[in-house]
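Visitor: Protein sequences appear in the order of chains G and R.
Going by our numbering, the first residue of the first sequence is number 1, and it counts up by one from there.
Going by our numbering, the first residue of the second sequence is number 1, and it counts up by one from there.
First the structure, then my questions, so here it is.
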Amino acid sequence: MTVDAGKPLPRPERGEVLRRRRARQLTESGIYAFLFLAFAGVALQLVGLALSHQANVTLAVSEPVATSFSRPDIVDRNGRLLATDLKAPSIFADPALVIDRDELVEKLSTVLPDLDAKELRRALEDRSRRFVWVRRGVSPKIAQKVHDLGLPGVSFRDELRRTYPAGRLAGYVLGSVNVDNRGVNGIERYIDEKIGVEAVHSATLSTRPPVRLSLDLGVQHALEDELQSAIALYKTEGAAGLVLNIKTGEVMASASLPPVDPTWPGGARDDRHIDRVSAGTYELGSVFKTLTIAMAFDEGLAQPGTMVDVRQPLEAGRFTVTDFHPADRPLSVTEIFTHSSNVGAGMLALQAGSDRLQAFLRKLGILEQLKVEGATIAQPQVPPVWNRAATITVSYGHGLAVSPMQFAAAAATILNDGKRVEPTFFRTFEAPPANEKPLITAATSRQMARLMRVNVTAPDGTGRQADVPGYRVGGKTGTADIAGRGGYSTKSVISSFLGAFPMDDPQYLTFVILFEPKGVSETGGQRTAGTNAAPVTGKLISRIAAQLGVAPRASSESQ
Amino acid sequence: MRLLNVTAFFFAIASALLLYGLNYETRRLEAEVQLKERTAERARNDIAVLKAERGHLARPERIDQLARQLGLSPPKPDQFEQGREVSELNERRGGSHDR
Chain G
1 MTVDAGKPLP RPERGEVLRR RRARQLTESG IYAFLFLAFA GVALQLVGLA
51 LSHQANVTLA VSEPVATSFS RPDIVDRNGR LLATDLKAPS IFADPALVID
101 RDELVEKLST VLPDLDAKEL RRALEDRSRR FVWVRRGVSP KIAQKVHDLG
151 LPGVSFRDEL RRTYPAGRLA GYVLGSVNVD NRGVNGIERY IDEKIGVEAV
201 HSATLSTRPP VRLSLDLGVQ HALEDELQSA IALYKTEGAA GLVLNIKTGE
251 VMASASLPPV DPTWPGGARD DRHIDRVSAG TYELGSVFKT LTIAMAFDEG
301 LAQPGTMVDV RQPLEAGRFT VTDFHPADRP LSVTEIFTHS SNVGAGMLAL
351 QAGSDRLQAF LRKLGILEQL KVEGATIAQP QVPPVWNRAA TITVSYGHGL
401 AVSPMQFAAA AATILNDGKR VEPTFFRTFE APPANEKPLI TAATSRQMAR
451 LMRVNVTAPD GTGRQADVPG YRVGGKTGTA DIAGRGGYST KSVISSFLGA
501 FPMDDPQYLT FVILFEPKGV SETGGQRTAG TNAAPVTGKL ISRIAAQLGV
551 APRASSESQ
Chain R
1 MRLLNVTAFF FAIASALLLY GLNYETRRLE AEVQLKERTA ERARNDIAVL
51 KAERGHLARP ERIDQLARQL GLSPPKPDQF EQGREVSELN ERRGGSHDR
């Protein structure tokens, strides 16, 4: 035992080292195994992830970039929707995937009867193409039907399509868009040019704030409705009208009939389907006397009581100017206005002279093209030479053709204490700056307002039928012969009524124009403005005055 | 020293795993965002459709007809009370009740 005990013990020492080494090896391999497993796990996960992700990748087809445009909404002054973008499926075909061209075209024709089969077949023959439009912007129902045909090579993609929820209402003002959703005319074109649209590849709705127009949907409808009834009642060829805010220049309503549907603008492309308020110029006739007499007042040439001898017809070059109802006594300027005497207006114009008349009309912006945001106003047609004959005829609205919008702006300026009225189709929230010098004196403006009111209240006034109890309507009639080949026709006339209310402080101006009204039993066979355009204006104002916030007054105070 | 190495090693692995986990989570969140965006887009489209439908149903042409069928018409001047507040109208009506 002692021998054993005295001896050093190398073996256990070596065993200890070995054990330690083995333990270390074990730990190391453990770590390596763990690492291996961990990385293997990561790798497996990655592979799995890559595989699962692969399934979501959509196959990108090399196709021509078909851009569409997303547009802001259009709303009326109270935020009511007039135009918006909606997602609509468009159908396209991939010629490379189409198996039977003829079958495809034939089957598509059953769902889309107006399909141009020849054109589509020709497009599909080119196998190098990968993308051919079949029909853009169809209804979901049609898309489902096409889908149900189960044709190989036919696919769908969503595009934006302009929709007009109010239908044909204010169609001319709104304008229209093309198949790429770009504006081609009216407000839609203005949006493209001034407000901006975004090019989008998919159907992404615009995030821009809506474009707020000055139009009031209710007033617009009342105007279109009354004009429509007038067309039926007086058997006119067309009608137009507008309602203008005199203080701000905002166009509250503007309509031209026959109407246009902004969704299908191509449906009507003849000269009857134009926006007669802005794009047409007309010799408006006697309503122009409003301007002539305002000039006479403003130049200090006459007062409402000034007497003018109108008994003799006025010689004007080749022709003679006579009155519709010749008077057998001298008339006051007020009577010239209420009887609508051509001779009287002509004599006032001659008294002022052609230069002063021209200067006055130029001041009111009648002689140059009017600039209006959101619409293109037709260039006025002015007499080439301002001789004596031209001066006389212009004084009662002939020989000078302007768009109704331009005339309304000038008339509104007269009623707005001479402060220039610039029509706009957009809602304005602040009053226009008042630092501009008035174009005519406030006194002239008040005299004209009184004259227009008298024309409606006087027992012999031409505008009697435009009166609406309580709303102090004033106005001037105009019955213009239409200039045609070989002179003026007395059979076809443009009958119009320039109205305004309330005349103690004119707020709104209305202008109603009837094209070629017939003499019907309601008018006693007449086709003068006093018998048709005036009552239409009366009906219109009785419908819109409350909507426009004009309070009626008891009839005893409303003179 | 060795302990330090081993710890560092474990830290490296742990952070790698963490990173991987984060990456995975990010992808999941991305997918979730995409889903939400798609839902929002669909909701936006639905809103646009509903707005258009509402506009179509509320078009004055239709309301006009419906109102006339109900016997309504544009307000007449005698339906307005000139220059009086609504509260005054109520007072007056209240007064007449007392009598």
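All C-beta atoms in this analysis are idealised placements derived from N, C-alpha and C, irrespective of residue type, glycine included.
Since the structure is predicted, the reported quantities are computational estimates derived from the model, not experimental observations.
(1) Thinking C-alpha only, which one of G:M295, G:G374, G:D298 is nearest Y190 (chain G)?
(2) Quick one: Cα of S99 (chain G) to Cα of A203 (chain G), how far?
(3) With DSSP as the reference, label E315 (chain G) as helix, strand or coil.
(4) Just reading off the alpha helix (DSSP H) that K145 (chain G) is part of, what are its end residues?
(5) Using only CA atoms, which one of G:A230, G:L257, G:D73, G:T376 lies nearest to E522 (chain G)?
(6) Can you tell which of G:V277, G:I31, G:V17 has the C-alpha that lies nearest to the C-alpha of F9 (chain R)?
(7) Hey, which unbroken runs of the alpha helix (DSSP H) at 4 residues or more fall wholly within the region 351-426 of chain G?
(8) With distance defined between alpha-carbon atoms, name the residue in G:F360, G:P326, G:R71 nearest to T292 (chain G).
(9) Ignore the nearest five residues each way along the sequence and tell me which others in D323 (chain G)'s own chain have a CB closer than 6 Å to its CB.
(10) Give a yes or no on whether the minimum CB-CB distance between E61 (chain R) and chain G is below 8 Å.
(11) Using the C-alpha atoms, what's the distance from V173 (chain G) back to D275 (chain G)?
(12) For R38 (chain R) and chain G, any beta-carbon pair shorter than 8 Å?
(13) Which residues in chain G have a C-beta closer than 8 Å to the C-beta of G55 (chain R)? List them in chain order.
(14) Less than 8 Å separating the beta-carbons of D76 (chain G) and L217 (chain G)?
(15) Taking T444 (chain G) as part of the beta strand (DSSP E), name the residues at either end of that continuous run.
(16) What number of angstroms, rounded off, separates the C-alpha of A545 (chain G) from the C-alpha of R68 (chain R)?
(17) Taking DSSP as the reference, what is the three-state secondary structure of A545 (chain G)?
(18) Does F80 (chain R) get closer than 8 Å to chain G when you measure Cβ to Cβ?
(19) Give me the Cα-Cα distance between H339 (chain G) and T263 (chain G), rounded to the nearest whole angstrom.
(20) Please confirm whether D148 (chain G) has its beta-carbon closer than 8 Å to some beta-carbon of chain R.
(21) Taking all protein chains shown into account, do 16 or more other C-beta atoms lie within 10 angstroms of the C-beta of T67 (chain G), making it buried, or fewer, making it exposed?
(22) What are the boundary residues of the beta strand (DSSP E) that A83 (chain G) is part of?
(23) Could you give the C-beta distance for A466 (chain G) and F497 (chain G), rounded to a whole number, given that I count them as a contact under 8 Å?
(24) Could you name the residues of the same chain whose beta carbon sits closer than 6 Å to that of G71 (chain R), not counting the 5 residues immediately before and after it, in chain order?
(25) Give me, in chain order, the residues of the same chain whose beta-carbon lies closer than 8 Å to that of V61 (chain G); leave out the 5 immediate sequence neighbours on both sides.
(26) With DSSP run on the structure shown, which of helix, strand or coil describes K235 (chain G)?
(27) Can you tell me which of G:L97, G:K141, G:L120, G:T110 puts its alpha carbon nearest to the alpha carbon of R127 (chain G)?
(28) Buried or exposed for L36 (chain G), please, with buried defined as at least 16 other CB atoms from any protein chain shown within 10 angstroms of its CB.
(29) Looking only at DSSP bridge pairs, what is L112 (chain G) linked to?
(30) What first and last residue would you give for the beta strand (DSSP E) that runs through R135 (chain G)?
(31) In chain order, what residues of the same chain lie with their CB nearer than 7 Å to the CB of E299 (chain G), ignoring the 5 residues before and after it?
(32) Please say whether Y282 (chain G) and G346 (chain G) have beta carbons closer to each other than 8 Å?
(33) Would you please verify whether the beta carbon of D192 (chain G) is less than 8 Å from any beta carbon of chain R?
(34) Tell me whether the region 370-384 of chain G and the region 307-314 of chain G touch, counting them as touching only if at least three CB pairs, one residue from each stretch, are closer than 8 Å.
(35) Looking at the structure shown, is I246 (chain G) part of a helix, part of a strand, or coil, going by DSSP?
(36) Using DSSP's beta-bridge definition, name the partner residues of N185 (chain G).
Guide: If we stick to the structure as given:
(1) G:G374
(2) Just to set this straight, residue 99 (chain G) is Ile in the shown sequence, not Ser. Taking the straight line joining both Cα atoms gives about 29 Å.
(3) strand
(4) 140-148
(5) Considering only alpha carbons, the answer is G:A230.
(6) G:I31
(7) 354-363, 388-395, 404-415
(8) G:F360
(9) S341, N342, V343
(10) At least one beta carbon of chain G lies nearer than 8 Å to the beta carbon of E61 (chain R).
(11) 8 Å
(12) Chain G contact via Cβ: absent.
(13) Listed along the chain, the chain G residues whose CB falls inside 8 Å of the CB of G55 (chain R) are R80, L81, L82, T84, P165, A166.
(14) yes
(15) No beta strand (DSSP E) holds T444 (chain G); the alpha helix (DSSP H) holding it covers 442-457.
(16) Near 18 Å, if we compare the C-alpha coordinates of R68 (chain R) and A545 (chain G).
(17) coil
(18) Judged by the 8 Å Cβ criterion, F80 (chain R) is in contact with chain G.
(19) 45 Å
(20) no
(21) Counting Cβ neighbours within 10 Å, T67 (chain G) comes out exposed, since fewer than 16 surround it.
(22) Looking at the DSSP string, the run of the beta strand (DSSP E) that includes A83 (chain G) is 81-93.
(23) 6 Å
(24) none
(25) Bear in mind that a pLDDT of 47 at V61 (chain G), under 50, signals an unreliable position, so the model cannot answer this.
(26) K235 (chain G) falls in the coil class under three-state DSSP.
(27) G:L97
(28) Leu is not the amino acid found at residue 36 (chain G); the sequence shown has Phe there. F36 (chain G) is classed as exposed because its beta carbon has fewer than 16 other beta carbons within 10 Å across all chains shown.
(29) Bridge partners of L112 (chain G): none, in fact.
(30) 132-135
(31) A352, R356
(32) no
(33) no
(34) no
(35) coil
(36) Beta-bridge partners of N185 (chain G) (DSSP): G:S176.
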